[in-house]
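To convert, note that position 185 of the sequence shown is 210 in the working numbering; the numbers rise steadily by one, no gaps.
A short write-up of the structure that comes next.
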Amino acid sequence: MRKKTWDKTYITYLIPIVMAVVILPLLVAYREVENLLAGAGWENPSPVMADIFLCVKKEFIFVIIGVILFCMLCFLLLGRKIFAMPKIFVLPAGYLFLALLSTLFGEDSKTSWRGALEMMQPIGALIAYLLLFYYVYIVINGEKNRKTDMLSFLNRIFTVAGLLLSVCGVLQIFGCDYLHWDWLRQLLGIANVSLVESERIVITLYHSNYVGTMMVLLIPFSYVGFHREKTYVWRGICLVSLTGMMMCLYGSQSRAGIVALAIIAVLAFFFAIFQRKQNRKRIIIEAVVAFTASVLLFLFVDYVQGHKLSARFMHEDTKKMASSGFSSIETSAQDVVLKKKGVLLRADWRKEKGNLKLTLKDGDGKELTYTAGLPVNIAKLKKTSLARARKDAPVYRIGDNRYQGIYVQANSYFEGEKRYDGYTFFCGNRAWFFARHKGKYQFLNRMGRWDDCIASQNALPKAFYPFASYRGYAWSKTIAKLPQTLFIGVGPDNFERFFPNNDYASKALCKLDSVIYNRPHNWFLQMAAETGVSSAVLILCFLLLYFVKAFRAAMSLREKEMDKEHMLSFACLISVTGYVITSLFCDSMIVTAPVFWVILGGGFALVERTRTGKKKIEKMSKKM
Numbered sequence: 026m027r028k029k030t031w032d033k034t035y036i037t038y039l040i041p042i043v044m045a046v047v048i049l050p051l052l053v054a055y056r057e058v059e060n061l062l063a064g065a066g067w068e069n070p071s072p073v074m075a076d077i078f079l080c081v082k083k084e085f086i087f088v089i090i091g092v093i094l095f096c097m098l099c100f101l102l103l104g105r106k107i108f109a110m111p112k113i114f115v116l117p118a119g120y121l122f123l124a125l126l127s128t129l130f131g132e133d134s135k136t137s138w139r140g141a142l143e144m145m146q147p148i149g150a151l152i153a154y155l156l157l158f159y160y161v162y163i164v165i166n167g168e169k170n171r172k173t174d175m176l177s178f179l180n181r182i183f184t185v186a187g188l189l190l191s192v193c194g195v196l197q198i199f200g201c202d203y204l205h206w207d208w209l210r211q212l213l214g215i216a217n218v219s220l221v222e223s224e225r226i227v228i229t230l231y232h233s234n235y236v237g238t239m240m241v242l243l244i245p246f247s248y249v250g251f252h253r254e255k256t257y258v259w260r261g262i263c264l265v266s267l268t269g270m271m272m273c274l275y276g277s278q279s280r281a282g283i284v285a286l287a288i289i290a291v292l293a294f295f296f297a298i299f300q301r302k303q304n305r306k307r308i309i310i311e312a313v314v315a316f317t318a319s320v321l322l323f324l325f326v327d328y329v330q331g332h333k334l335s336a337r338f339m340h341e342d343t344k345k346m347a348s349s350g351f352s353s354i355e356t357s358a359q360d361v362v363l364k365k366k367g368v369l370l371r372a373d374w375r376k377e378k379g380n381l382k383l384t385l386k387d388g389d390g391k392e393l394t395y396t397a398g399l400p401v402n403i404a405k406l407k408k409t410s411l412a413r414a415r416k417d418a419p420v421y422r423i424g425d426n427r428y429q430g431i432y433v434q435a436n437s438y439f440e441g442e443k444r445y446d447g448y449t450f451f452c453g454n455r456a457w458f459f460a461r462h463k464g465k466y467q468f469l470n471r472m473g474r475w476d477d478c479i480a481s482q483n484a485l486p487k488a489f490y491p492f493a494s495y496r497g498y499a500w501s502k503t504i505a506k507l508p509q510t511l512f513i514g515v516g517p518d519n520f521e522r523f524f525p526n527n528d529y530a531s532k533a534l535c536k537l538d539s540v541i542y543n544r545p546h547n548w549f550l551q552m553a554a555e556t557g558v559s560s561a562v563l564i565l566c567f568l569l570l571y572f573v574k575a576f577r578a579a580m581s582l583r584e585k586e587m588d589k590e591h592m593l594s595f596a597c598l599i600s601v602t603g604y605v606i607t608s609l610f611c612d613s614m615i616v617t618a619p620v621f622w623v624i625l626g627g628g629f630a631l632v633e634r635t636r637t638g639k640k641k642i643e644k645m646s647k648k649m
């Protein structure tokens, strides 16, 4: 009786998977989020910020945790063993342990528990990811009744998720953004929220890059469904979903996503050629048709978007680095240290008889002379920002030729009735205003906030900075600080505290003055910084073991053994591969990570099942 009940109700245990894959990515709702970094000089000073994409997803993922725990309790009540797992699962368990330590002993536990603005991936989300992974693993391995055809349901879940997202994305491609519909905005509670217009679609996934990642995750399942579904209705749904997701991938203009899809498509093609020797002609024809259709969709979306998609591949959309300017700036209680082309300039000023006296010294402590008389000339100073320049005050020129191109002007800044006297340094088409603020020299940044200036280390040559839309800059600064997080990191969602956001000279060199780095644009660097280098190594080893197991299982299959189960296993392998590729340029986010961990859990389970099935076939053949 117990077994019968299990068989009839087993399909209901897919509900948490539906919640994570289908419902969670679509959630949008207005939330006010406390800005825990409002006190930081580089951050927006507003104590509360609006959020519509991330916070509601974070809330919902805790609901998913509750549903999973309830389902696992039902497993136990029905007499199922749910805690058996391969030994290699100790790797993600170790990762979670280090993440918990980083939460407790990192930079700011409050942020790690609650989640940071524009991230919303606290420790609870990381726990949810691994719980989803484990849950999917035990559900797939526990399913014994083939009459339920649970694997077909699982593939259809991914297909439906892709279909719903693609419908939203295609609407945005054609300029019909549902997030601007008045009735829907009222329903979602975002009527008073102004949305930034974007040439790239975001659907409900916060950013276009995550649209690309999500499409790469889901496209393999619609493709498999199109080939393996038996009914014309579901094959048609798979084809529509596949077409829509391809359009959304192109509409996102995510170069990482498009490149990742191209790579996994080539890998899948060569695998099919190798495995299906009897159908190579058919496979080649299908590949040509698929490639032609993809190119046509690319051209169509590119036309609709005003050729902006092709422009992202034909031209680098990043600006050149500044050719001149300070290479580093450091402020302290004693002085301001500016560096240009390896030459140091130390600036110090004190009030004498009510007037400022400026002292300039070189790196050796030798006092430098300077002369006044150069008037403020916007054209001569190459239209630099002179918002804080006094038109009635002279601009000083340093007598030493080593400091050619550096100008200084006495200036003041008023903060209410409080006056701060200091100096503006002009260099490299930029104006830098410093004054003594709260007992030490500080820089007045573009947000009108006082902040310390630091000179951070580089792990990579500066020539690498512009790589991949200046991801090279973020990676260089992040890698340089990783020795600080070898065992435990700064805590989940604390990357903004970890990154040298107040290295204003480096940002100016890259023309990134207004950019606040709260993520490194690389999942593995994100882990290394937030939960520790050791945790990133554990996840890398775990992924490597999965790839080895999945690849061996796929390559050992004979053509006649390529049933639905094996095809779904291969789809998981291709999907995970695509995600890892995009993760080299994107971060783990609550909008895409749950889907990835669901797929990885399914991939592990299917590998175990296909390997077990292979062994049974071999044993039966030996007996015969």
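Positions of the beta carbon are idealized from the N, C-alpha and C atoms, including for glycine.
Computed from a predicted model, the values in this text were never measured in an experiment.
Are the CB atoms of residue j and residue i within a distance shorter than 8 Å?
i	j	result
Phe610	Ala281	yes
Asn543	Glu143	yes
Tyr529	Ile354	yes
Val46	Val605	no
Asn304	Gly250	no
Ser219	Val227	no
Ile504	Asn526	no
Pro50	Thr229	yes
Leu563	Leu264	no
Phe451	Tyr466	no
Phe424	Thr396	Note that residue 424 corresponds to Gly in the displayed sequence, not to Phe. Result yes, Cβ atoms of Gly424 and Thr396 sit closer than 8 Å.
Ala553	Val632	no
Gly194	Thr607	no
Taking 6 Å as the limit between beta carbons, can you name the residues of its chain near residue i, skipping five residues before and five after?
i	result
Ala630	Tyr162, Ile165, Asn166
Ile289	Ile599, Thr602, Gly603
Thr556	Leu123, Ala124, Ser127, Gly514
Phe338	none
Leu213	Val53, Ala54
Val4	Residue 4 lies beyond the range of the chain shown here (26 to 649); nothing can be said about it.
Ala75	Val218
Ala297	Ile308
Phe595	Ala579
Which one of the options has the shortest CA to CA distance from residue i?
i	options	result
Thr136	Met175, Ile215, Leu61	Leu61
Arg371	Leu383, Lys378, Gly379, Glu377	Leu383
Gly628	Gly379, Asn234, Ile148, His591	His591
Lys386	Lys364, Lys378, Asn380, Gly379	Lys364
Asn483	Ile93, Ala579, Tyr498	Tyr498
Lys83	Lys443, Gly390, Thr617, Glu377	Thr617
Gly390	Val362, Leu102, Ala358, Pro517	Val362
Leu286	Ala554, Ile244, Arg253	Ile244
Ser481	Leu507, Arg139, Glu132	Leu507
Ala533	Cys99, Gly350, Met145	Gly350
Gly200	Gly331, Val258, Arg471	Gly331
Tyr248	Thr268, His546, Glu59	Thr268
Trp67	Leu537, Thr394, Leu188, Trp259	Leu537
Glu132	Ala493, Gln509, Phe178	Gln509
Within a Cβ cutoff of 7 Å, which residues of the same chain sit near residue i, ignoring the five residues on either side of it in sequence?
i	result
His462	Tyr445, Trp475
Val185	Val47
Pro70	Ala63, Arg474
Ser559	Leu123, Leu511, Phe512
Ile615	Leu79, Lys82, Lys83, Ile86, Met145, Gln146, Ala150
Gly464	Ala358
Trp374	Leu381, Lys382, Leu383, Thr384, Tyr448
Within the same chain, show all residues whose beta-carbon is closer than 8 Å to that of residue i, passing over the 5 residues directly before and after it, in chain order.
i	result
Tyr275	Ile283, Leu322, Phe323, Val326, Asp327, Leu334
Lys407	Note on Lys407: pLDDT 43, under 50, position unreliable in the model; the coordinate value appears next. Around Lys407: Asn454.
Ile182	Leu39, Ile42, Val43, Val46, Val47
Val81	Leu52, Val53, Ala54, Arg56
Arg413	Summary for Arg413: the model assigns pLDDT 49, below 50, so the residue's position carries little reliability; its value from the coordinates is reported in the next sentence. Only Asn436, Tyr438, Thr449, Ala456, Phe458, Leu469 meet the Cβ criterion.
Cys535	Met346, Ala347, Tyr490, Pro491, Tyr495, Tyr498
Asp612	Arg544, Pro545, His546, Asn547, Trp548, Gln551
Considering residue i, what are the terminal residues of the alpha helix (DSSP H) in which it resides?
i	result
Trp548	548-555
Tyr160	148-167
Glu84	80-102
Trp500	492-506
Tyr248	233-253
Could you tell me the boundaries of the beta strand (DSSP E) in which residue i lies?
i	result
Cys452	443-452
Heavy atom of the ligand HEM less than 7 Å from the Cβ of residue i, yes or no?
i	result
Ala312	Only the bare structure without any ligand can be found here, which leaves the ligand HEM out of the picture.
- At which residue ranges does the segment 181-216 contain complete alpha helix (DSSP H) runs of 4 or more residues, listed in the order of the chain? 207-213
- Kindly provide the ranges of any alpha helix (DSSP H) runs that are 4 or more residues long and lie completely inside the segment 559-613, ordered along the chain. 589-608
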